[in-house]
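Visitor: Would you mind keeping the following structure in view while I ask a few things?
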Amino acid sequence: MSSQRPRITPGTGKWWALGIAFTLAFTGFASWKVLSVADQAIDVTLTAVSVVDDRTTVVTFDLHRPPAQAVVCTVQAQDQRKAVVGTVTVDLPPATERTTTHQVTVKTTTRAFTGLVHDCVRA
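6 is the number of the first residue of the sequence shown in this note's numbering; add one for each residue after it.
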């Protein structure tokens, strides 16, 4: 029985090293890109909804965004059937903090049941 190891043919080691280096570089770039995009994301957390009367609903939310980014948010009030009974668009200027709290008053056509932040986009 022979105890010889299989031999790598001459010249293939550099291709393996090049392949490993390329894989590591690509993985590093992809990770950096994913993390940089996530850092630029805009997230909204609804914190409170107050139906003041038949024509007014107040929606309070936390906005998490890059501090230098101006944002436009669309806030809605809905009735029990989830029909939109009021909408307001608010321009939120850049802030010094990453997370800011906002309170928006929505005028409604009929009594609302709930309120929500429909969307927030970069201005």
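Virtual Cβ for every residue (Gly too), placed ideally from N, Cα, C.
Look up residue 107 in the DSSP assignment and give the residues it is bridged to.
Guide: Here residue 107 is taken as the residue at index 102 of the sequence shown, counted from 1. Answer is 66.
Visitor: So is residue 101 buried or exposed if we call it buried at 16+ other beta carbons inside 10 Å?
Guide: Locating residue 101 in the sequence shown gives position 96, where the first residue counts as 1. With fewer than 16 Cβ atoms within 10 Å of its Cβ, residue 101 is classed as exposed.
Visitor: Pull the bridge partners of residue 59 from the DSSP assignment, please.
Guide: Stepping through the sequence shown from its first residue, residue 59 is reached at position 54. Its beta-bridge partners do not exist; DSSP assigns none.
Visitor: Go through its chain and collect everything with a Cβ distance to residue 57's Cβ below 7 Å, but skip five positions before and after it.
Guide: Position 52 of the sequence shown, counted from the first residue, corresponds to residue 57. Closer than 7 Å at the Cβ level, and outside the excluded window around residue 57, lie 63.
Visitor: From the DSSP output, in three-state form, read off residue 115 for me.
Guide: Along the sequence shown, read from residue 1 onward, the residue named residue 115 stands at position 110. DSSP places residue 115 in coil when its eight states are reduced to three.
Visitor: So, using beta-carbon positions, are residue 120 and residue 111 closer together than 9 Å?
Guide: Position 115 of the sequence shown, counted from the first residue, corresponds to residue 120. Position 106 of the sequence shown, counted from the first residue, corresponds to residue 111. In contact: residue 120 and residue 111 (Cβ atoms closer than 9 Å).
Visitor: If you draw a straight line from the C-alpha of residue 96 to the C-alpha of residue 78, how long is it?
Guide: As a position in the sequence shown, residue 96 is number 91, starting the count at 1. As a position in the sequence shown, residue 78 is number 73, starting the count at 1. Spanning the two alpha carbons is a distance of roughly 7 Å.
Visitor: Give the DSSP-derived three-state secondary structure of residue 16 in the structure shown.
Guide: As a position in the sequence shown, residue 16 is number 11, starting the count at 1. Residue state, collapsed to three classes: coil.
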